[in-house]
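Under our numbering, the letters of the sequence shown match residues 47 to 780, in that order.
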Amino acid sequence: MKYKHLDGLNEPQRQAVEQLNGPLLVVAGAGSGKTRVITHRIAHLIATGTAAPDQILAVTFTNKAAGEMKERVVDLLGFEARRVWISTFHSFCARLLRDNSEALGYKRTFSIYDEAESLALIKRIYKDNNIPDSQPSFGTCQVRISRAKEKLQTPDDFAETAEDFLDQNVSKVYYEYQRRLAQNHAFDFDDLLMKVVELFEKQPDILEHYQNRLKYILVDEYQDTNHAQYRLVNLLASKNRNLCVVGDDDQSIYAWRGADISNILDFEGDYPEAKVISLEQNYRSTQVILDAAHQVVSKNLGRMKKRLFTEKSGGDKITLLLCGDERDEAEAIVEKIRLGMVYDKAASDFAVLYRTNAQSRVIEDILRYKGLPYTIVGGVRFYERAEVKDILAYLRLLINPADNMALLRIINSPKRGVGKTSVTKLEAFAVSQGIPILEALSLPLESVGIKGKAKSELDKMVAIIRSLTLEVDKLTPQDIAARIITDTGYLRALEDEKTPEADVRAENVKEVVAGIAEYVERNESATLAGFLEEVALLADIDTWNNASSSVTLMTLHAAKGLEFDTIFLAGMEDGLFPLKRSFDEPADLEEERRLCYVGMTRAKNKLYLSMAGFRRRWGDFTGGPSMFLKDVPEELIEVERFNYWTDIYSKGARNGTQVRKPHAETHIDHVQEPEYDYDDLLPLGTSVLHDKFGHGVIVGREGSGENLMVTIRFERAGVKKIMAKYASLEIIGR
């Protein structure tokens with residue numbers, strides 16, 4: 047039988063789509079059509095009668111990607127495809143937890159805390175337990191707890207491995223953090239995954255129910271899965287073993303947030319019967335870009351062997367912009383964009399990618415000066431603005447009255463005359479009574495200092511919340527939100543301020559209602575709880591509009607999965623990209639190399655790489671050319687200079703904001719640094735001092751010259767492998 051949805055697939059894509067049963071690993075290179083393979087495979091499962099739509103689960107990492115998959119599957123199969131469960135990991139787990147919340151002792155109406163709300167709870171725990179805010183910092187504590195959950199470590203598990211004083215403090219906070227989350231009937235992001243795994247492992251009947259229901263599982267971006275996601279997927283697939291994972295080890299760039307590249311590298315070990323299909327034909331970039339990117343990433347050890355090719359003819363050389371300082375770099379980039387727009391390109395054809403958010407400041411300055419429109423992905427999101435989070439907190443209380451963090455956020459928004467001391471006493475009073483704070487507000491509160499006008503205002507607030515709670519299932523979600531902003535006096539308080547800032551905040555509050563109305567329009571069974579869940583699980587990229595007529599600025603991590611006609615990869619200097627801290631860990635340096643590969647392969651037709659000879663970064667900083675620049679073959683690159691080196695030798699030589707006419711060259715010899723004889727400098731037995739790891743002795747060597755890797759046994763840090771060229775080593779004896 048001929049299936050129309052197979053038309054237009056290349057041979058490896060077709061093989062992946064037609065391989066319906068058993069484990070399948072699709073190694074999908076950048077721009078090779080992985081989403082096409084996933085969606086067409088779903089269509090083929092249904093069209094061949096192999097699976098019913100509701101027996102298929104496809105999971106990915108962003109709502110944007112999940113939405114695109116849904117649209118494509120519906121386009122292929124029509125309305126019945128809507129029954130396929132296509133979701134992000136977190137949305138899938140949230141829905142599963144709501145359906146099985148009682149099995150974990152939670153209410154179905156639990157709240158989901160985002161990172162800001164999680165951090166606020168941690169800060170409160172520090173304060174209540176007199177923990178110094180530097181032992182460790184709030185943010186470090188939050189990250190440590192998050193990493194523990196990604197590894198499926200409970201507070202007890204973490205306590206067993208806590209060796210130093212700081213980890214012991216984290217352990218105490220972790221225990222209390224989980225207790226308060228449970229008290230508030232709330233989960234954080236990591237709980238969503240961890241609790242589902244816990245549910246499956248402790249209640250095999252529930253696991254079996256989902257195994258019988260979801261017989262075919264597809265996972266997108268498998269290289270980015272952490273241990274909890276890995277465990278979840280393998281539990282679901284263990285019965286039927288119909289697991290298709292799609293990913294690219296060369297694009298594994300999220301180790302810093304728990305992603306484990308070994309999940310994809312070891313797939314054949316987990317599933318010995320697995321079929322492996324590689325997608326190497328690229329439909330995005332020119333061969334010049336692909337060849338350059340390959341030379342960068344191929345230096346990594348242990349990667350899956352592949353080489354991307356394209357049938358796209360032609361292609362400009364990569365342009366290296368050598369700039370005097372970061373302002374010259376920004377001016378050069380913006381001038382290239384301006385000239386492109388003068389001819390035939392739109393602002394949205396351009397994206398500027400950088401390693402750290404701090405790099406965007408000067409680029410923004412020049413874009414504004416030149417009057418060019420731009421959008422920053424990863425800036426302050428709409429739903430993270432203070433006034434918006436206030437309204438969301440009110441709405442959360444209607445769904446989950448036990449959410450103390452939501453109540454504490456809005457108890458004085460708008461101002462009700464309740465002092466901080468009274469709030470602290472109120473919180474303690476609620477704890478002593480074993481009841482949520484909202485319930486405690488209905489009791490006499492003279493003992494905690496809340497009386498008179500403050501008590502009267504709080505009584506009004508409680509009455510409004512209770513009244514609207516009864517209306518949640520009767521009124522539309524947007525009507526409930528409109529009542530909140532008016533009945534509580536929140537909107538009136540902003541309007542009464544009569545300042546431009548307050549006017550903007552008032553418009554943002556009104557926009558919440560509009561946002562809920564838009565959510566209702568695109569969801570047949572829309573609920574207020576559903577809206578709050580969707581907002582809680584939004585990622586930066588989910589709110590980015592790629593149809594907007596503006597230049598896009600974003601970090602390299604945020605650019606994953608996107609494509610643009612023209613890419614500028616800024617800050618190609620050692621110490622900035624790759625980051626200096628990666629020099630001491632081979633695995634970290636390999637991830638930086640993969641990140642460079644990801645950035646380069648976002649470009650369809652033109653790629654610019656830029657570096658500054660001098661950069662003001664935490665003081666004067668001159669890192670030299672990035673090692674990645676030297677990996678790009680000379681025949682693929684052309685060089686243009688913009689005040690290059692001028693700022694290093696002559697501070698007065700800069701010419702205002704005018705960009706000098708570039709001097710084109712065809713090689714990059716002049717950015718090569720002097721060769722050093724590391725072999726003679728660092729023989730076995732050399733005693734060294736490292737600025738991070740302390741004293742150590744060289745006990746092993748691999749490679750030679752600038753590729754020399756030394757193994758050092760440090761007194762405190764143990765054994766480390768470090769690239770000699772980039773190590774911060776002081777020789778103290780031989």
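Backbone N, C-alpha and C define an ideal beta-carbon position, used for all residues, glycine too.
Point to revise | Rounded straight-line distance, which links the Cα of residue 531 to that of residue 241 | key: In this structure, the straight-line span from the alpha carbon of residue 241 to that of residue 531 is close to 34 Å.
Check your understanding: residue 289: which of 69, 383, 442, 760 sits nearest, CA to CA?
Key -> Of 69, 383, 442, 760, the residue nearest in Cα terms is 69.
Check your understanding: Is the region 652-660 close to the region 320-327, with three or more CB pairs under 8 Å?
Key -> no
Point to revise | Classification of residue 459 by the beta-carbon crowding that lies within 10 angstroms, buried from 16 upward | key: buried
Practice item. Find the nearest neighbour of residue 361 within the set 334, 416, 178, 447, judged by alpha-carbon distance. Key: 334
Exercise for review: Sort 185, 184, 221 by Cα distance to residue 201 and report the nearest one.
Suggested key: 221
Practice item. Would you mind sorting residue 605 into buried or exposed? The rule is 16 or more other CB atoms within 10 Å of its CB. Key: buried
Point to revise | Test item: CB-CB of residue 614 and residue 369 under 8 Å | key: no
Check your understanding: If you draw a straight line from the alpha carbon of residue 223 to that of residue 58, how long is it in whole angstroms?
Key -> 48 Å
Review point. Where do the N-terminal and C-terminal ends of the alpha helix (DSSP H) with residue 273 fall, by residue?
Key: 273-283
Check your understanding: What are the residues that DSSP puts in a beta bridge with residue 322?
Key -> Bridge partners of residue 322: 71.
Practice item. Look up residue 400 in the DSSP assignment and give the residues it is bridged to. Key: For residue 400, which the question treats as bridged, DSSP gives the partners 601.
Review point. For residue 125, does the count of other Cβ atoms within 10 angstroms reach 16, so buried, or fall short, so exposed?
Key: Under this definition residue 125 is an exposed residue.
**Study point:** Closest residue to residue 648 among 637, 620, 332 (Cα-Cα distance)
**Key:** 332
Check your understanding: Which class does residue 217 belong to by DSSP, given the choice of helix, strand or coil?
Key -> helix
Review point. Using DSSP with H/G/I as helix, E/B as strand and the rest coil, what is residue 554?
Key: helix
Exercise for review: Helix, strand or coil for residue 627, going by three-state DSSP, please let me know.
Suggested key: helix
Exercise for review: Have a look at 515, 517, 490 and flag the residue whose alpha-carbon is nearest the alpha-carbon of residue 504.
Suggested key: 490
Review point. From the DSSP output, which residues share a beta bridge with residue 45?
Key: The structure shown does not extend to residue 45, since the chain is modelled only from 47 to 780, so the question has no answer here.
Point to revise | Whole-number beta carbon distance between residue 394 and residue 192, since they are thought to touch under 8 Å | key: Wrong, their Cβ atoms sit about 34 Å apart, outside the cutoff.
Check your understanding: When every heavy atom of the ligand COA is checked, does at least one fall within less than 7 Å of the C-beta of residue 458?
Key -> The ligand COA is absent from the structure shown, which contains no ligands of any kind.
Check your understanding: Can residue 260 and residue 282 be called in contact, C-beta distance under 8 Å?
Key -> yes
Point to revise | Separation of residue 390 from residue 746, as counted between CA atoms | key: 56 Å
**Study point:** Where residue 229 sits in the DSSP three-state scheme
**Key:** helix
**Study point:** Limits of the beta strand (DSSP E) - the one that residue 760 falls within
**Key:** From DSSP, the beta strand (DSSP E) with residue 760 extends over 755-760.
Review point. If we call anything under 8 Å between Cβ atoms a contact, is residue 508 one with residue 488?
Key: yes
Review point. Does DSSP put residue 234 in a helix, in a strand, or in coil?
Key: Looking at residue 234 - three-state DSSP - the assignment turns out to be strand.
Check your understanding: If you draw a straight line from the alpha carbon of residue 97 to that of residue 287, how long is it in whole angstroms?
Key -> Approximately 14 Å, taken between the alpha carbons.
Review point. Can you check whether the CB of residue 524 is closer than 8 Å to the CB of residue 559?
Key: yes
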